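Down below is the structure, laid out as structure tokens.
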Amino acid sequence: MPKIVFSENADAAIETFIHYYVDSFVRLYTDTGIGSTQDILENYILGAEGIYREIRGAIIEKLSSEKVLGRKPSEKVSELSFHVGSRLIIVFFSDNKQTNERWIEFISINR
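First residue of the sequence shown: 382, per our numbering; consecutive thereafter.
Rendered as structure tokens:
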């Protein structure tokens with residue numbers, strides 16, 4: 382099994398998605414006059430942490446095996462698409478056979 386390594390770009394893609402997920406709900410519920418606004422926002426923040434773990438965990442699970450089923454190979458970078466809940470995750474990755482590492486180069490997350 383190859384070691385899974387996330388590039389800075391890949392980590393940033395997940396973190397950016399989560400940031401905008403939380404930010405959209407902060408904007409939605411700010412200044413609404415609802416008494417439980419803080420509780421609602423805390424639930425979305427907890428939900429965002431769970432989504433982060435789900436996405437990252439699914440990527441590691443799908444790419445940890447020696448053979449990645451469903452990938453679209455190319456010369457340097459391969460592509461794999463799958464869903465986590467209702468989100469389409471597209472992962473671009475490369476293999477370093479010498480170090481037995483699989484680098485997650487970039488991630489696209491669509492709703």
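Backbone N, C-alpha and C define an ideal beta-carbon position, used for all residues, glycine too.
Predicted, not measured: the structure shown is a model, and the values here were computed from it.
(message) For a quick check, are the C-beta atoms of VAL407 and GLU482 less than 8 angstroms apart?
(response) In this structure, GLU482 does not lie closer than 8 angstroms to VAL407 by Cβ.
(message) With H, G and I counted as helix, E and B as strand and the rest as coil, what does DSSP make of ASN477?
(response) Under the three-state reduction of DSSP output, ASN477 falls in the strand class.
(message) If you reduce the DSSP assignment to three classes, tell me which class ARG437 lands in.
(response) The answer is helix: DSSP assigns ARG437 an H, G or I state.
(request) To the nearest angstrom, report how far apart ILE490 and LEU461 are at their CA atoms. (result) Cα to Cα, ILE490 sits roughly 12 angstroms from LEU461.
(message) Cutting at 6 angstroms between CB atoms, please list the residues of its own chain near LYS453, excluding the five before and the five after it.
(response) Excluding positions up to five away in sequence, the list reads GLU460.
(request) Assuming LEU444 contacts VAL472 (C-beta within less than 8 angstroms), just tell me the rounded distance between them. (result) Contact holds; Cβ gap of about 7 angstroms.
(message) What does the alpha-carbon distance come out to for the pair LEU469 and ILE440?
(response) As the crow flies, the alpha-carbon of LEU469 is around 12 angstroms from that of ILE440.
(message) Once the 5 residues before and after HIS464 are set aside, which same chain residues still bring their CB inside 8 angstroms of it?
(response) For HIS464, same chain residues with a beta-carbon under 8 angstroms away, outside a window of 5 residues either side, are ILE470 in chain order.
(message) On the CB-based measure, 16 or more other CB atoms within 10 Å of its CB, does ILE415 come out buried or exposed?
(response) Flag for ILE415 reads exposed.
(message) Give me the DSSP bridge partner(s) of PHE463.
(response) Per DSSP, the beta bridge partners of PHE463 are ILE470.
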